[in-house]
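Respectively, the protein sequence lines represent chains P and A. If you're matching positions, the first sequence starts at 0 in numbering that gives the first Met the number 0 and goes up one per residue. If you're matching positions, the second sequence starts at 0 in numbering that gives the first Met the number 0 and goes up one per residue.
There are 2 protein chains.
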Amino acid sequence: MSDSPSAAAEIMDGVYSALRAHGYADLTMQDIADECSKSKSLLHYHYDTKEDLLVAFLEYIISDSEDRIAARADDPPVDRLVQFVGWFVFAPDEADREAFHIALLELRTQGPFNERIREQLARSDRLLRGTVADILADGIEAGVFRDVDVEETAALLVATLDGARTRQITLAGAERDAEGEGYTREVAEAALRRIVGPLLADGVELPPLDAAIDALRLDADEPGSDAAADRTE
Amino acid sequence: MSDSPSAAAEIMDGVYSALRAHGYADLTMQDIADECSKSKSLLHYHYDTKEDLLVAFLEYIISDSEDRIAARADDPPVDRLVQFVGWFVFAPDEADREAFHIALLELRTQGPFNERIREQLARSDRLLRGTVADILADGIEAGVFRDVDVEETAALLVATLDGARTRQITLAGAERDAEGEGYTREVAEAALRRIVGPLLADGVELPPLDAAIDALRLDADEPGSDAAADRTE
């Protein structure tokens with residue numbers, strides 16, 4: 000974008016709001032224009048097609064995730080791992096965030112048919128798995144994790160947390176009526192206990208999940224981080 | 000359906016083929032009619048709307064999964080658990096099956112907006128989690144599994160396997176170029192080693208994953224099991 004960074008950020012916020020409100024399949028450039036109070040012709044000036052804009056949006060939120068992960072790179076490895084797990088937990092009052100992730104899930108179903116979307120999904124996958132692998136490698140070096148296959152553990156954790164999220168958001172309503180806390184919370188705790196727990200060196204304890212989630216939510220509430228309040232897949 | 004069971008099965012096969020070929024979002028009754036060599040008016044005679052037909056299809060494949068699971072209820076618990084894990088593994092030559100699951104994933108994104116679809120998703124979720132919980136409970140009683148929280152383990156395993164499947168099918172192409180075996184295979188093995196392994200009582204070993212997958216594929220090749228060759232979510 001040749002405009003000021005804030006104009007670009009406003010458009011990205013508009014995409015975020017429009018995806019939440021309309022989903023992906025039926026989304027129009029007009030919906031996005033309405034959400035960011037820009038004209039449709041201005042959007043088309045910057046982005047030829049809706050696909051161009053959505054690919055730019057994916058690039059934007061993945062880059063934002065990279066920045067957020069990098070900003071925590073000096074935290075202790077056990078803290079970073081619990082933060083990573085906490086990132087996938089949906090609190091009961093996060094209906095907007097669930098709506099956004101339903102739209103992202105729709106977008107992900109386009110992966111097999113759209114190379115540019117697939118490239119972004121693959122980039123996100125490398126980021127997520129690479130982040131867990133880095134945390135584990137740092138922790139092994141620091142002596143807080145046992146020596147473990149970091150790539151395997153990363154794939155296992157990312158699949159587990161992604162699956163819990165998909166199940167929670169697609170079952171929303173049915174799920175919530177039946178259970179108190181939802182899939183993401185239940186599985187995050189189980190993953191910490193059953194997958195991460197056995198990796199800890201003797202005497203090392205994990206910080207509480209709730210504190211990590213609270214810190215993430217404060218982080219997401221910072222001004223200007225609206226579209227960036229979340230990560231993509 | 001008031002027709003013969005085989006007419007109903009033919010229509011369900013048609014839905015299966017049409018979802019694979021066209022996906023969910025753009026699917027029409029005509030696409031389904033073409034795939035099962037019925038007239039569109041015949042389909043509408045039985046199913047008022049496309050939604051009615053798709054809900055019936057979900058009911059059909061979930062019931063089929065129930066039957067398949069019930070048919071194995073007398074197998075040893077460790078065998079059943081490895082079969083369950085193997086069910087989620089996509090071999091490299093299963094592009095058709097991946098295409099079907101992409102369409103199912105699209106359908107799942109309608110869960111929050113469509114109560115009838117959500118009811119079927121919730122039923123599938125209860126089936127999957129209940130199956131793992133039953134296997135574990137049987138195995139604990141038989142002394143082959145340690146005493147473990149069966150509900151927590153079931154939620155963890157189902158989320159893990161579902162997440163691996165979603166990542167494999169949405170990254171198809173990008174994923175396959177980069178790696179030999181794909182997400183589902185990698186995560187299935189990791190889940191057996193890292194989640195299931197610690198549950199085994201002393202001296203108990205898991206049967207090999209490959210043998211379980213081969214048996215499942217033979218099963219799916221039986222005549223008349225075309226639409227039923229897979230399970231839904």
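Built from N, CA and C at the ideal position, the CB exists for glycine as well.
Partner residues in the beta bridge of Phe144 (chain P), as assigned by DSSP, are P:Leu199.
Shortest Cα-Cα distance from Arg193 (chain A) to any of P:Cys35, P:Leu156, P:Thr165, P:Asp161 involves P:Leu156.
Interface with chain A (8 Å Cβ-Cβ cutoff): Ile212 (chain P) is excluded. For Ser64 (chain P), the secondary structure class from DSSP, reduced to helix, strand or coil, is helix.
Counting along the chain, the unbroken alpha helix (DSSP H) around Ser40 (chain A) starts and ends at 39–45. Identification of chain A residues near Ile60 (chain P) by a Cβ-Cβ cut-off of 7 Å yields none; the smallest Cβ-Cβ distance measures about 16 Å. Nearest neighbour of Arg128 (chain A) by Cα position, chosen from A:Glu185, A:Phe83, A:Lys39, turns out to be A:Phe83.
For a Cβ distance threshold of 7 Å, residue set Ala154, Leu155, Ala158 of chain A lies close to Val186 (chain P), ordered along the chain. In this structure, the beta-carbon distance from Gln119 (chain A) to Leu57 (chain A) falls below 8 Å. Minimum Cα-Cα distance from Ile61 (chain P) among the listed residues P:Ala187, P:Ile116, P:Leu41 corresponds to P:Ile116. Of P:Pro197, P:Thr169, P:Pro91, the smallest CA-CA separation from Val147 (chain P) is found for P:Pro197.
By the C-beta criterion, the segment 68–87 of chain P is judged not to be in contact with the segment 12–28 of chain P, since fewer than 3 inter-stretch pairs fall below 8 Å. Taking the beta carbon of Asp161 (chain P) as reference, the chain A residues within 7 Å of it are Gly162, Thr165, Arg166, listed in sequence order. Exclusion of the five residues before and after Ala141 (chain A) leaves Pro76 as the residues of its chain whose Cβ lies within less than 7 Å of its Cβ. Closer than 8 Å to the CB of Tyr182 (chain A) there is at least one CB belonging to chain P. CA-CA distance, Val54 (chain A) to Ala20 (chain P), rounds to 25 Å. The DSSP-derived three-state label of Arg216 (chain P) is helix.
Annotated as proximal: Ala163 (chain P) and Ala187 (chain P), with beta-carbon spacing under 8 Å.
Nearest in C-alpha terms to Arg216 (chain P), of all of P:Glu50, P:Glu34, P:Asp12, P:Glu93, is P:Glu93.
If you draw a 10 Å sphere on the C-beta of Glu204 (chain A), you find fewer than 16 other C-beta atoms in it, and that means exposed. Within 10 angstroms of the beta-carbon of Pro111 (chain A) lie 16 or more other beta-carbons, which makes it buried. Within the segment 103–116 of chain A, the residues whose Cβ lies closer than 7 Å to any Cβ of chain P are, in chain order, Leu104, Glu105, Arg107, Thr108, Gly110, Pro111. One alpha carbon belongs to Ile139 (chain P), the other to Ala190 (chain A), and they sit about 21 Å apart. Using a Cβ-Cβ cut-off of 8 Å, Arg71 (chain P) does not count as an interface residue toward chain A, since no Cβ of chain A sits closer than that to its own. The Cβ atoms of Glu105 (chain A) and Glu105 (chain P) sit closer than 8 Å to each other. Between Ala171 (chain P) and the set P:Glu114, P:Arg96, P:Asp213, P:Leu135, the nearest pair of CA atoms involves P:Arg96.
Taking 8 Å as the cut-off, the beta carbon of Ala17 (chain P) is found closer than this to the beta carbon of Ile31 (chain P). Non-local C-beta neighbours of Tyr59 (chain A) in its own chain, meaning closer than 6 Å and more than five positions away in sequence, comprise Met11, ordered along the chain.
Cβ contact annotation for Glu150 (chain A) (same chain, cutoff 7 Å, sequence separation greater than five): Ala132, in chain order. With fewer than 16 neighbouring CB atoms inside 10 Å of its own CB, Gly202 (chain A) falls in the exposed class.
From the beta-carbon of Thr27 (chain A), no residue of chain P is found nearer than 9 Å; the closest lies around 15 Å away. Nearest to Lys39 (chain A) by C-alpha distance, out of A:Gly22, A:Val14, A:Asp63, is A:Val14. Chain P has a Cβ within less than 8 Å of the Cβ of Asp124 (chain A).
Of the residues assessed, Glu185 (chain P) falls on the buried side of the cut-off, its CB having 16 or more other CB atoms within 10 angstroms.
CA-to-CA, the gap between Leu80 (chain A) and His45 (chain P) works out to about 53 Å.
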